[in-house]
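Q: Numbering (the working numbering), first residue to last: 1 to 181.
My questions will all concern the structure given below.
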């Protein structure tokens, strides 16, 4: 069973990071558009065109769409890895989903993020949903790690590559702000 961090695995992680961020933001953008709002999307953000004021419920749906898609990505990969053979390239997509939602939860300390906004709207505490979503995704990683006896070096290497690729993507978007849609 291949658990080595190779150049091919690093590329798979980079693809997983770009895919995860893109599909997450696309879900926000698509939900906004389907609800009748004009929105723009970059690789790490979606925003409504100025002058639009969505209802609280629309804001809730727009905020929820990205994390739902990211969670589903993680869950689908978890089910595949749980029922099929080991595939480290698929594992990159599960780990990236976890990392993204954990990072978003931590960012709530600075600026309200998807699950944080939803938690606040529902009146269940600002960090309730971020902790719940991150914990569920971590549980999936834990179960797969146990099933395939993933060692700490593989996990640490995966974490560092996901962190580096995500940081690069976020900073790239922050400084260049290239609009995709």
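All C-beta atoms, glycine included, are put in the ideal place defined by N, C-alpha and C.
Please report how far the alpha carbon of residue 119 lies from the alpha carbon of residue 156, in whole angstroms.
A: Locating residue 119 in the chain shown gives position 119, counting from the first residue. Locating residue 156 in the chain shown gives position 156, counting from the first residue. Near 31 Å, if we compare the C-alpha coordinates of residue 156 and residue 119.
Q: When the Cα of residue 11 is compared with those of 50, 166, 77, 104, which residue comes out closest?
A: Position 11 of the chain shown, counted from the first residue, corresponds to residue 11. Out of 50, 166, 77, 104, 166 has the C-alpha closest to the C-alpha of residue 11.
Q: From the DSSP output, in three-state form, read off residue 35 for me.
A: As a first step, residue 35 is located in the chain shown; it is residue number 35 there, counting from the start. DSSP places residue 35 in coil when its eight states are reduced to three.
Q: Suppose you measure from the CA of residue 150 to the CA of residue 140; what does that come to, to the nearest Å?
A: For the purposes of this step, residue 150 is identified with residue 150 of the chain shown, where counting begins at 1. For the purposes of this step, residue 140 is identified with residue 140 of the chain shown, where counting begins at 1. Each residue's Cα considered, the two are about 13 Å apart.
Q: Are residue 60 and residue 126 closer than 8 Å when you measure CB to CB?
A: In the chain shown, counting from the first residue as 1, residue 60 sits at position 60. In the chain shown, counting from the first residue as 1, residue 126 sits at position 126. No. Outside cutoff.
Q: On the DSSP letters alone, give me the boundaries of the alpha helix (DSSP H) that residue 149 sits inside.
A: The residue labelled residue 149 in the question sits at position 149 within the chain shown. Careful: residue 149 lies outside any alpha helix (DSSP H) and carries neither H nor E.
Q: Helix or strand or just coil, what does DSSP make of residue 20?
A: Taking the chain shown and counting its residues from 1, one reaches residue 20 at position 20. DSSP places residue 20 in helix when its eight states are reduced to three.
Q: Let me confirm a value: residue 62 is counted as buried when at least 16 other C-beta atoms fall within 10 Å, else exposed. Which label applies?
A: As a first step, residue 62 must be located in the chain shown, where it is residue number 62. The residue is buried, with at least 16 neighbouring Cβ atoms inside 10 Å.
Q: Using the three-state DSSP reduction, which class does residue 45 fall into: helix, strand or coil?
A: By 1-based counting over the chain shown, the position of residue 45 is 45. In this structure, residue 45 counts as strand in the three-state DSSP scheme.
Q: Where do the ends of the alpha helix (DSSP H) carrying residue 117 lie?
A: As a position in the chain shown, residue 117 is number 117, starting the count at 1. Unbroken alpha helix (DSSP H) run through residue 117: 114 to 122.
Q: Going by CA-CA distance only, name the one from 131, 93, 124 that's closest to residue 104.
A: The residue labelled residue 104 in the question sits at position 104 within the chain shown. Among 131, 93, 124, the Cα nearest to that of residue 104 belongs to 131.
Q: Please state if the CB of residue 133 and the CB of residue 67 are separated by a distance shorter than 8 Å.
A: Against the chain shown, residue 67 aligns to sequence position 67. Against the chain shown, residue 133 aligns to sequence position 133. Contact: yes.
Q: Take residue 170 and list the residues in its own chain whose beta-carbon comes closer than 7 Å to its own, dropping the five residues that flank it on each side.
A: Along the chain shown, one-based indexing puts residue 170 at 170. Excluding residues within five positions, the ones whose Cβ falls inside 7 Å are 44.
Q: Please report the distance separating the alpha-carbon of residue 41 from that of residue 53.
A: Within the chain shown, the letter at position 41 stands for residue 41. Within the chain shown, the letter at position 53 stands for residue 53. Their backbone Cα atoms lie some 17 Å apart in a straight line.
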